[in-house]
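Trainee:
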Amino acid sequence: MATTTAAEKRARAKAEYDAFLAACPSRKLLDRISDKWVTLILAALGGDGCADAPRSMRFSELSRTLAGVSQKMLTQTLRSLERDGLLTRTATPTVPVTVSYALTDLGLSLHQMMRGLKTWAETHMDEVLANRATHDTRTT
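In this text, residue positions in the sequence shown follow full-length UniProt numbering: the first is 1, and each later residue adds one.
#1: Could you have a look at V38 and say whether DSSP puts it in helix, strand or coil?
#2: Do R32 and A19 have their C-beta atoms within less than 7 Å of each other?
#3: May I ask you to report which of helix, strand or coil DSSP gives V69?
#4: Per DSSP, which one or two residues make a beta bridge with T104?
#5: With distances taken between CB atoms, is the gap from T104 to G85 smaller than 7 Å?
#6: Quick one: give me the first and last residue of the beta strand (DSSP E) that R89 is part of.
#7: Out of curiosity, what's the CA-to-CA distance linking R55 and L66?
#8: By Cβ distance below 8 Å, which residues in the same chain neighbour M73 in space, the five residues on each side in sequence not counted?
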């Protein structure tokens, strides 16, 4: 029986990722990144379209930008994104301590798709609302 190195095992596992399979770890990642707060945080940190470059934001700035997010939810979401390597948290020793968040290269690679989802939702909301109203009148 031939032995395999850890790198070979990782490469084989990566080739075998299939989100349609119940045991695939990519399902948990899809669950995480499909959260509305993740989408909005990545969109906010990535800049506002082509003209704006990705930028770092302080917690309070993110909180103001993301209307309706609770402090607890924002904190939990930022921690999970940091854990996944999608953003970095930088604490500057001031009084009080200044903490800012910025996308990593991995986060930037996901940013465009998330901004696209946000833009699609904003662009097609009237159409979706009209379809819902039509459907609801047919089924009642």
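The beta-carbon is built from N, C-alpha and C at its ideal position, and this holds for glycine as well.
Predicted, not measured: the structure shown is a model, and the values here were computed from it.
Mentor: On the basis of the supplied data:
#1: helix
#2: no
#3: For V69, the secondary structure class from DSSP, reduced to helix, strand or coil, is coil.
#4: None; T104 has no bridge partner.
#5: Cβ atoms of T104 and G85: closer than 7 Å.
#6: L87 to T92
#7: 16 Å
#8: W37
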